[in-house]
Amino acid sequence: MLAVHTRRELLIHAGLFLACCVTTWWAAEINAAGSGVYFAGTLMGILAFHEAGHYVTSRYHKVEVSLPYFIPLPPVVSLGTLGAVIKMDKPISDRNQLFDVGASGPIAGLLLAIPLLVIGLTLSELGPPTPEGAIEGNSILYALLKYAVFGQWLPGENIDVQMHPMAFAGWVGLLITQINLMPIGQLDGGHVARAALGDRHEKLSERLHVVLPIIGLTAGGVMFAIARDAGKDITDALSYAKFGVIPWFTWTLLIALMRRQAGEYHPPVGGDPLDPGRRRRAIGMLIVFCLIATPVPFRPVL
């Protein structure tokens with residue numbers, strides 16, 4: 459029988475959630491006055507749906523888990539939150555259950571992020587990028603959604619979406635899901651890959667972990683070339699290139715820290731191989747990852 463959460467636990471989780479609501483609202487107000495409610499409501503809704511997917515699926519499979527611990531961050535140097543984590547009493551030992559728990563969060567988050575992003579885009583306007591601003595990265599899905607709303611591929615020649623706070627929060631939701639779906643370690647995508655591949659996933663994680671900084675260096679090299687082609691000197695081009703390098707090196711470091719703490723990329727999991735339906739859904743999750751992958755999340759206007 460699953461444990462019942464105590465009143466004290468409920469108050470702690472509710473307090474952390476409310477704290478994140480405040481810090482995400484504050485972060486948006488710092489950058490664009492009056493936008494906090496749209497941004498915080500959208501982003502926290504997406505995060506809550508994501509974590510609810512994990513929690514409900516875990517409880518359905520009789521897996522003992524905590525409610526999500528939402529993590530507030532100082533709004534001056536962040537978007538106001540680092541997301542949330544759910545604690546498990548012990549690793550899941552069945553591959554089919556592991557797949558369901560790992561896939562449910564990203565699916566639930568996307569079910570809310572995509573329609574809210576579309577609504578946010580309809581509230582946005584087109585205009586020239588501001589010199590002091592930043593351009594959000596394109597994924598295949600995001601580019602298609604912008605084309606569906608505005609009838610043109612963006613960004614274009616001196617024109618891009620001036621994002622409504624709801625659109626920006628929806629885009630952040632896609633970025634968070636992309637990070638979670640990387641098939642490495644104990645990320646959600648790692649759970650899905652471990653369930654699908656079994657022990658072979660450990661070697662896959664090791665190889666992909668090496669690939670991440672290579673992707674970062676490649677993205678940085680491309681951005682350096684773009685900046686030089688635009689007439690920037692070497693110093694400015696290197697500064698521009700760092701926006702391609704830093705995200706991938708950051709993710710490499712975080713995964714290394716997770717591996718060091720656990721002693722391995724992912725705990726072993728037994729049980730029967732995935733059934734045909736789950737194998738097809740695993741391929742579907744890989745396709746989703748490719749559709750929302752954003753090689754360079756942010757870059758300044760040249």
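Quick note: the sequence shown, position 171, residue 629 per my numbering, numbers continuous. All C-beta atoms in this analysis are idealised placements derived from N, C-alpha and C, irrespective of residue type, glycine included.
| Query | Result |
| --- | --- |
| I think F507 touches L569, with their Cβ atoms under 8 Å apart; what is that distance to the nearest whole Å? | 7 Å |
| First and last residue of the beta strand (DSSP E) that includes Y723? | That residue, Y723, is in no beta strand (DSSP E); it is neither H nor E in DSSP. |
| Any chance you could list the beta strand (DSSP E) runs of at least 3 consecutive residues sitting entirely within the segment 503-589, in chain order? | 527-530, 539-543 and 583-585 |
| In chain order, which alpha helix (DSSP H) runs of at least 4 residues are fully inside the segment 576-651? | 598-608 and 623-639 |
| Does DSSP put P758 in a helix, a strand or coil? | strand |
| Would M546 be called buried (16 or more neighbouring beta carbons within 10 Å of its own) or exposed? | exposed |
| Return helix, strand or coil for G679, following the three-state DSSP convention. | helix |
| In the DSSP assignment, what are the bridge partners of G728? | D552 |
| Quick check: the Cα distance between E722 and A606, rounded to an integer number of angstroms? | 43 Å |
| Report the residue ranges of all beta strand (DSSP E) runs contained in full by the segment 658-706; include only those spanning at least 3 residues, in chain order. | none |
| By alpha-carbon positions, which one of G511, S524 and L574 ends up nearest to D558? | G511 |
| Applying the criterion that 16 or more other CB atoms from any shown protein chain within 10 Å of the CB defines a buried residue, is G728 buried or exposed? | exposed |
| Less than 8 Å between the beta carbons of H667 and T710, yes or no? | yes |
| Within 10 Å of its beta-carbon, does T539 have 16 or more other beta-carbons around it, so buried, or fewer, so exposed? | buried |
| Around the Cβ of T482, are there at least 16 other Cβ atoms within 10 angstroms (buried) or fewer (exposed)? | buried |
| Are A653 and R553 touching if we call contact CB-CB under 8 Å? | yes |
| Among H724, L712, A677 and A714, which has the Cα closest to the Cα of G702? | A677 |
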